[in-house]
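One structure is given here, and the rest of the page talks about it.
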Amino acid sequence: MSLSLISHEFYGQYNQPVSFSPQDNAQVCITGNGFFKLFKYSEGNLKQTNLRREEPQNYLCHAWLSEEDLICGTDTGKLTWFKTGQLHLEISVEYKKAPRELEDATKEHESSNVPCGVASEDNGSQQDSLPQISAIAAYSKGFACSPNPGVVLLFEKTKEMEVYQESQEIWLPQDPYSSDPMQSGRQNILCICFSPSEETMVVNTSENQLYMFNMPSTDLRKEKAAYFTYLNFPVHSASITGLDICIWKPILATCSLDKSVRIWNYKTNTLELYKEYREEAHTVALHPTGLFCLVGFTDKLRFISLLYEHLHVSKEIAVRNCRECSFSNRGHLFAAVNGNVIQIYSSITFETINNLKGHSGKIRAVKWSLDDATCVSCDTHGAVYEWNVLTGERKSECVLKSCIYSSIALSSDANIIFAVGSDQTLKEISDSLIQLEVPAFGAVYTAVAVSHSGQMVFVGTSQGTIRAMKHPLPLTKDFNEYQAHAGAVTKMFITNDDLFLLTASEDGCIFIWKVHDKRDGILECEKEAEYAEEVLILKSDIDEKSQTILDLQIHVKELQTESYYQLHLKDVYCDEKTKELEEKFTKEIDSLKTKHEILQAEKEKQELHHQVQLSELMNKQAREVQHLESDSNEKLLMENKKYQELREKSQRMQEDYEKQLHNLEESKSKAVEELTEYYERIVKEKSLLLEEAQEEIRQQLQAHEEIKKQIEEDEDQEILEIKIKYERRLLEERESNVQLKGEIGVMNKRLNSLQKELKERNRDIEDMKVEQQKLQGIIKSLEKEILSLKTDIQKGADTIQDKEKNIQDLKKKNQDLEKFKFIREHKIEELKKQVESQETYIKGMKEQICEMDKELGQFYEESTHLKLNITQLQQKLKATDREMYRERQKKQDMETLITRFKTDLHNCVGFIQDSKKMKNGIRELYAKYAQPSDMVETEEVDTDLQQEQKREQERTALERNVVTLKKKLVKDQQIQRAAFLRIMQENVSLIKEINDLRQELKEAHAQIHDLRSRLKLTKKKQAIKVTAPPSELLSSPAVLRLNAEKECENIIAKQRLEIQCLRDQIQEKEQILAVQSLLDGSLPQINLEEGHETQQQ
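The opening position of the sequence shown corresponds to residue 5 in this note's numbering, with each subsequent residue numbered one higher.
Take a look at the structure:
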């Protein structure tokens, strides 16, 4: 496969904070926020070569000017020039304003379009902002940089001083087809590069557009401001959402999230039409003629005519957020997705022909069969439906809820559906069943296309690759994979001649692939496709152009007459000029001739003078040569004499040196003989010492060998003992290993069983977690109520504890006041009577509470009985619904039989004139439809209708019963609420009375304390005790006081028990009510806070 690239997606910034020097590959520069460092790579290490002392800045980009020079751009609009790593110069760049031409164009656009005032405001805000060097690049004459959006500045080195000066401004052009033409001028320039010959400069922007500029020579630069041009054509800057092709023309239409619609020619690889809108385009569909297209925007679906020079909206259809649309193969119909419904429209009258309902998820694709009788759709809930376009019925369906389908394709005969989705498989569907599933081998398929010959299937993946596989589909990795896009493939189409495959992606790229056969090369069609050359044009445009042609013709005639007159004037003027020039030139020729003759005479005189001078010079040179030869001969004779004298001296010196050498050799031989005698004596002495030492060594070796033998024998015995020990240990360990292996086998079996149990437990746990989450919501609401109650109970318990402490203190005090208690006995007896009356009242209230509990139990039984009745009625309703569904199916079958009979009867009526054919047709109709079984079926239908009427009557009666039961339920709930509130009020009144009794006890204790403080009669008490006889002590009321104290303690204990009993009853009531609220959600939530507030009061 070969491809033609139309767009290229941009990811990230091209500015490289790290770069190598072009002249020296061992030098590395690193820049960033607050640092600028130069490194030298040597011996496998990076060594820093610069030591900066200046203030840190945010360096956004840099470029090498030479081996030692570097220039960096900062976020404050400064250009810093470094030499050998040290700051050399700083150049500040101002924020550049747009030239007058662009300003005039923006004013015109603002006057024509009101909303563009926002653009002018943005422009003003840009002018006020600070410059920022976003990109920089060097070339031979200097460097180029971008200080603000939409402009590139060229800097060149001056000849006089080593300084760079700004030479030219290059601006991005306006886009006339855009809804906001100044948008191109607001693009940030991210990368600048020059060609090797430095003839062209190419720029990449933040909107993923490529611009070029032809670098002029210095002689041709007249204007300071120049403009870029598109490298090829404007491309998409965002994800492509729609793609479609037509039959008559070699064009394709695309739409993108950049709010543009573009028409491309895949034969010439050019952009034919292009327009930007104010809303995002989600889908596009081309008419088979290539003269119209449908585009789905967020607000409406627009029917657009493809005119000669622009796109014209001819019809708007009220379909919001249309994500998919497509024309039929004949072009007379088109389908548009409106929510979960596919609407079929006529492309001539724009009337709705049918609505295809049945999808529950978002519809992702709609495909037509070749005969336009059926269409196939898929959605995100795993449904693939085949529709009858005329009747709106589903012919077949295949639902797989675990898969989110993204694309489908049909075979040429529409019998096979190919579908891809989120489950990483390619599915082959036919007869409402998945016949084959091909795995994706680690990828996710996002788009699919089938060749019209049915031999090849092309699939796009989420990784941007294209896979080509043969049909029937292989189950193994038998396919060719091609890496193309940088994002997921969104759309894929194959042309009608199977020669080109068109793919679009989320990276904004459109790829045009040529389909080759490995055996024969490019696939050959039976006939070369002849494409239509017709073009649409508006009548108003034709009138305008004809008018402009007439105006231009008149203007041309006027210009011709003017040019003839001006030419005549120029001829007359030229004739006069030629005469004047002829006279001037003749005069100049005569004067030049005279000058030539004079100069020639002077030339002859100078030649004679030069010949005389040459002869004199030759004679002088001969004399000087003879004199030099005589001098040189004399010098040679003197040098020869000196050489002979020196030779004689050297011979004498040689003889003296030879005598000295002979004497030295004799003295040397004598000294050597003496030394040899001396060293021989020393050697003899040393040899004797060596023999003695060798004998000692032999004796030591013998002793060592004996010791060695003894040690070896001892070691052998130890080794045998150790062997025996370790062999025993080995046997023991082997036996233990065998036992452990058996235990391990048992443990493995246990593990397997435990793992199974764990899985079952995990499943149970998951189920319990779901139930727990449901119950936790209920528990949280109950916990809040319990917490509020607990706080109240804690407050009461704290008060009781405080009172108990006071009681203990009072007991101690009562021990001192035993002798004075007889004074308060009467009051205590009165209190006893009051307590007995209160106890009788509490018993009566307890009986009332028991009666209320019984009433609550009766209400609960009645509610459960009503629930059972409701469930029985619901089951009856479900049964009636099922029977209704069966009857409706029977009715549909009868309607289909009737429609068939009508069509056959209509065909039979066509043979009215031919009686034989009429008879045969009637017989066939009788054989088909008038059989005895049909009579039985009609009777059964009548009985079924009667039964259905009865069922409807029963159903209405049941519904009435349900309504009455619901009313009873509401009444019972109201009664239960009133009863519960009454019980709560009575409980509150009891709690109030208990609190009153406690207050009375407090007052009694306070009175006792006051009496003790008033009656200070301790001395008298002691005197009475001393004087009184024992008989009086026995009969004295002290004994009665002790009994009274015990009685008080008993009363207090009883009250505590009663309080605890009441608390337990309250908790039981709360639990019963909580259970009832869980079983029946109709019981109201009781506001206990009001009761507690009354209790506190």
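Beta carbons: idealized from backbone N, C-alpha and C, even for Gly. Model, not experiment: these values are computed from the prediction.
Expected contact under 8 Å - CB spacing of residue i and residue j to nearest Å
i, j, result
"residue 383", "residue 398", "At roughly 13 Å, the Cβ-Cβ gap does not stay under 8 Å, so residue 383 and residue 398 are not in contact."
"residue 294", "residue 250", "4 Å"
"residue 465", "residue 450", "6 Å"
"residue 370", "residue 346", "6 Å"
"residue 210", "residue 194", "6 Å"
"residue 424", "residue 411", "5 Å"
"residue 135", "residue 97", "5 Å"
"residue 849", "residue 990", "7 Å"
"residue 351", "residue 331", "7 Å"
"residue 376", "residue 393", "7 Å"
Of the residues the options, the one placed nearest residue i, counting alpha carbons only
i, options, result
"residue 62", "137, 187 and 31", "137"
"residue 174", "1011, 862 and 158", "158"
"residue 321", "747, 306 and 333", "306"
"residue 253", "534, 974 and 313", "534"
"residue 282", "269, 268, 264 and 275", "264"
"residue 967", "877, 902, 886 and 72", "877"
"residue 453", "467, 474 and 334", "474"
"residue 820", "900, 1013 and 972", "1013"
"residue 32", "155, 1005, 145 and 67", "67"
"residue 499", "290, 186, 338 and 64", "290"
"residue 903", "921, 933, 928 and 924", "933"
"residue 160", "170, 589 and 736", "170"
"residue 363", "390, 775 and 354", "390"
"residue 435", "448, 463, 409 and 400", "400"
Whether residue i touches residue j by CB criterion (8 Å)
i, j, result
"residue 258", "residue 433", "no"
"residue 51", "residue 43", "yes"
"residue 100", "residue 180", "no"
"residue 215", "residue 237", "no"
"residue 328", "residue 272", "no"
"residue 1161", "residue 402", "Past the edges of the chain, shown from 5 to 1101, lies residue 1161, and the structure says nothing about it."
"residue 310", "residue 296", "yes"
"residue 480", "residue 493", "no"
"residue 976", "residue 866", "yes"
"residue 213", "residue 191", "yes"
"residue 491", "residue 458", "no"
"residue 519", "residue 497", "no"
"residue 217", "residue 229", "no"
"residue 495", "residue 244", "yes"
"residue 512", "residue 242", "yes"
"residue 94", "residue 84", "yes"
"residue 58", "residue 91", "yes"
According to DSSP, residues forming a beta bridge with residue i
i, result
"residue 1102", "This structure leaves residue 1102 out entirely; the chain is present only between 5 and 1101."
"residue 680", "Per DSSP, none; premise fails for residue 680."
"residue 1104", "Lying before the first or after the last residue shown, residue 1104 is absent from the chain, which here runs from 5 to 1101."
"residue 66", "76"
"residue 342", "345"
"residue 306", "299 and 320"
"residue 206", "197 and 216"
"residue 140", "149"
"residue 337", "350"
"residue 96", "82"
"residue 331", "338"
"residue 46", "49"
"residue 797", "In the DSSP output, where bridge partners are listed per residue, residue 797 has none listed."
"residue 471", "463 and 485"
Margin query: In chain order, what are the residue ranges of uninterrupted beta strand (DSSP E) at least 3 long that sit wholly in the segment 376 to 449?
Written below: Entirely contained in the segment 376 to 449, the beta strand (DSSP E) runs reaching 3 residues are, in chain order, 378 to 383, 387 to 392, 398 to 403, 409 to 414, 421 to 425, 429 to 434 and 437 to 443.
Check: Which runs of the beta strand (DSSP E), 3 residues or longer, sit entirely within the segment 144 to 199?
Finding: List check, beta strand (DSSP E) in window: 146 to 150, 155 to 161, 168 to 175 and 193 to 198.
Next item on the list: Give, in chain order, every unbroken run of the beta strand (DSSP E) that is at least 3 residues long and sits entirely within the segment 219 to 295.
Entry: You should have 229 to 231, 244 to 249, 255 to 260, 264 to 269, 274 to 280 and 285 to 290.
Note to self: To test your reading of the DSSP string, which unbroken alpha helix (DSSP H) runs of 4 or more residues are found completely within the segment 891 to 935?
What the structure shows: Residue ranges of uninterrupted alpha helix (DSSP H) with 4 or more members, entirely inside the segment 891 to 935 and ordered along the chain, are 919 to 933.
Checklist line | Minimum length 4: unbroken alpha helix (DSSP H) runs contained in the segment 527 to 577 | finding: Complete alpha helix (DSSP H) runs here, min 4: none at all.
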